[in-house]
Amino acid sequence: FPVLYTGANNLVAHECILDLRDITKETGVTVDDVAKRLMDFGFHAPTMSFPVPGTLMVEPTESEDLAEINRFIKAMQQIAAEIQEIRSGKVKAEESALRNAPHTAASLLSADWNRSYTREHAAFPGGQSSSLMGKRGKYFPTVGRIDGAHGDRNLICTCPPVTDFE
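Residue numbers (the numbering used here): 190 to 355.
Here it is in structure tokens:
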């Protein structure tokens with residue numbers, strides 16, 4: 190993945206910005222697709238489109254050990270392979286595990302599975318025995334894709350009335 194804002198020796202500080210804009214133009218795969226697919230690997234979705242639209246900000250910092258950083262790199266390599274399948278025409282972006290991520294336990298257990306890929310590929314990218322799942326095992330996101338822009342523009346407060354706190 191191309192990296193924005195590198196130093197003289199192509200190094201970055203504690204964070205880096207992955208530029209997906211050309212990938213999006215070429216394949217239709219968006220930053221949302223990549224961020225949500227990372228959830229299937231057990232990673233929290235990175236910051237999207239800040240400070241540059243169409244990018245992901247990755248911040249491993251000193252809180253992650255080398256094994257976890259290596260696991261993240263393997264996850265990104267797997268995602269790059271999934272993007273390549275779209276690029277080569279083997280899979281359509283709309284029908285890919287990337288576009289349908291994250292995969293919740295409810296969606297994986299549903300009797301209606303009409304995806305072009307297997308449930309195992311959705312839930313366990315790289316296979317069930319893969320080290321991509323990390324030491325803690327599989328994490329299943331509880332919510333699938335949402336319309337984030339709609340939610341940002343149409344905030345609905347579900348708080349109880351202030352009188353309930355008197």
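Glycine is no exception: its CB is placed at the ideal position from the N, C-alpha and C atoms.
Simplified DSSP assignment, three categories, for residue i
{"i": "Ile-206", "result": "strand"}
{"i": "Leu-200", "result": "coil"}
{"i": "Leu-255", "result": "helix"}
{"i": "Thr-347", "result": "coil"}
{"i": "Thr-236", "result": "strand"}
{"i": "Thr-244", "result": "strand"}
Span of the beta strand (DSSP E) around residue i
{"i": "Val-220", "result": "First-last for Val-220: 220–229, but that is the alpha helix (DSSP H), not the beta strand (DSSP E)."}
{"i": "Leu-298", "result": "Per DSSP, Leu-298 belongs to no beta strand (DSSP E); it is in the alpha helix (DSSP H), 294–298."}
Residue i burial status per 10 Å Cβ neighbour count (16 or more: buried)
{"i": "Ala-300", "result": "exposed"}
{"i": "Lys-225", "result": "buried"}
{"i": "Asp-222", "result": "buried"}
{"i": "Leu-255", "result": "exposed"}
{"i": "Arg-342", "result": "exposed"}
{"i": "Val-241", "result": "exposed"}
{"i": "Glu-215", "result": "exposed"}
{"i": "Thr-293", "result": "buried"}
{"i": "Ala-264", "result": "buried"}
{"i": "Pro-349", "result": "exposed"}
{"i": "Asn-289", "result": "buried"}
{"i": "Val-220", "result": "buried"}
{"i": "Pro-191", "result": "exposed"}
{"i": "Leu-287", "result": "buried"}
{"i": "Phe-354", "result": "exposed"}
Whole-Å CB distance - residue i paired with residue j, under 8 Å assumed
{"i": "Glu-204", "j": "Glu-248", "result": "4 Å"}
{"i": "Leu-227", "j": "Thr-236", "result": "Wrong, their Cβ atoms sit about 12 Å apart, outside the cutoff."}
{"i": "Gly-333", "j": "Ser-296", "result": "6 Å"}
{"i": "Val-218", "j": "Ile-262", "result": "That belief does not hold up - the Cβ atoms of Val-218 and Ile-262 are roughly 19 Å apart, past 8 Å."}
Endpoints, alpha helix (DSSP H) assigned at residue i
{"i": "Glu-356", "result": "Shown here, the chain extends from 190 to 355; a query on residue 356 therefore has no answer."}
{"i": "Asn-289", "result": "286–289"}
{"i": "Arg-342", "result": "337–342"}
Tell me whether the segment 301–318 and the segment 199–218 touch, counting them as touching only if at least three CB pairs, one residue from each stretch, are closer than 8 Å.
no
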